[in-house]
Amino acid sequence: MPLVEITPKADAVMKVQSAKGNFELKNLTDFVVTTQNTDSLISLQNDEVIFAGYGVVAPEYNWNDYANINVKGKIVLVLVNDPGFGVDTSIFKGNTMTYYGRWTYKYEEAARQGAKACFIIHNTEAASYPFNVIQNSWGSSNLYLASKDASTKPLALQGWVSADAAKKIFAAAGKDTSLIVSANKNTFKAVDLGEKFSLNVKVKSVFNTSHNVIGKITGSKRPDEYIIYTAHWDHFGIGKKDEKGDSIYNGALDNASGSAGLLEIARAFSL
Numbered sequence: 006m007p008l009v010e011i012t013p014k015a016d017a018v019m020k021v022q023s024a025k026g027n028f029e030l031k032n033l034t035d036f037v038v039t040t041q042n043t044d045s046l047i048s049l050q051n052d053e054v055i056f057a058g059y060g061v062v063a064p065e066y067n068w069n070d071y072a073n074i075n076v077k078g079k080i081v082l083v084l085v086n087d088p089g090f091g092v093d094t095s096i097f098k099g100n101t102m103t104y105y106g107r108w109t110y111k112y113e114e115a116a117r118q119g120a121k122a123c124f125i126i127h128n129t130e131a132a133s134y135p136f137n138v139i140q141n142s143w144g145s146s147n148l149y150l151a152s153k154d155a156s157t158k159p160l161a162l163q164g165w166v167s168a169d170a171a172k173k174i175f176a177a178a179g180k181d182t183s184l185i186v187s188a189n190k191n192t193f194k195a196v197d198l199g200e201k202f203s204l205n206v207k208v209k210s211v212f213n214t215s216h217n218v219i220g221k222i223t224g225s226k227r228p229d230e231y232i233i234y235t236a237h238w239d240h241f242g243i244g245k246k247d248e249k250g251d252s253i254y255n256g257a258l259d260n261a262s263g264s265a266g267l268l269e270i271a272r273a274f275s276l
């Protein structure tokens, strides 16, 4: 598998310009940023910010947060999870997250819309994990497939902002939480916040090849159909250092349990 390890190093602060005054957001405290772009330097230079609700385009739900607005070359700010989460369970699938609610989808859709960058507003309940999970896993090196498909151009930058940082951003735009509430209606229209973000991110890219192990059990009734189960090494990866200075999550819970579980699934299917 061709992979690329990308290590972003962002400025200590992201500068925000607004009609109500300028302020700064602190890297890893107020926001976390990463990229799948291998350019050595990526910059936001007074780029406009659009609040695009949940950042969802779902025709089957009669939903389009990007309707009647052009975000090409701009920064979009979106909410995590699906429209209606915790507010109106009659839309989408209630409080059961669909793919539209995943952070991966938010970035993919923003890229399709031509946005330069996308930041997701963190909410612990909606994301199902606290902001420190993002701080620990998003601010360092990450592996991605090294795609050769030029048609799939990633965002320049993608990341998260904390709930408190989002409040600052909205307040500087003369908005409050009612704007978030309004995003749960299909009548919502994206809002230009009248703000601009500036940030420099240095990028180090290392290309390599990973070797995977695949086991196949051919079914008797539907041999041409496939069910895929996966596990991976180093599930939790690198986190905060312990009392001995070790930041690697070693041990049975991290690596062996997933692989052992996979073998037991295979054993059960083979009986």
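In our numbering, the protein residues as written are 6 to 276. In this text, a Cβ means the ideal position worked out from N, Cα and C, and glycines have one as well.
The stretch 84-104 and the stretch 187-196 touch, with no fewer than 3 CB-CB distances between them shorter than 8 Å. For the pair of segments examined, the stretch 30-46 was found not to touch the stretch 73-87: the number of CB pairs separated by less than 8 Å stays below three. Rounded to whole angstroms, the gap between the alpha carbons of residue 144 and residue 226 is 47 Å. Annotated as distal: residue 147 and residue 245, with beta-carbon spacing of 8 Å or more. In the DSSP assignment, residue 169 falls within the alpha helix (DSSP H) that extends over 168-177. Going by C-alpha positions, residue 138 is about 39 Å away from residue 223. Counting C-beta pairs with one atom in each stretch, the stretch 103-120 and the stretch 175-187 have fewer than three that are closer than 8 Å, which means they do not touch. Counting along the chain, residue 131 sits inside the alpha helix (DSSP H) bounded by residues 129-132. For residue 115, there is no enclosing beta strand (DSSP E); the residue is part of the alpha helix (DSSP H) that begins and ends at 108-117. Your pair residue 201 and residue 41 does not check out as a contact, with CB atoms roughly 24 Å apart and the cut at 8 Å. Assigned with DSSP and collapsed to three states, residue 264 falls in helix.
Within the DSSP bridge table, the entry for residue 164 names 38, 124 as partners.
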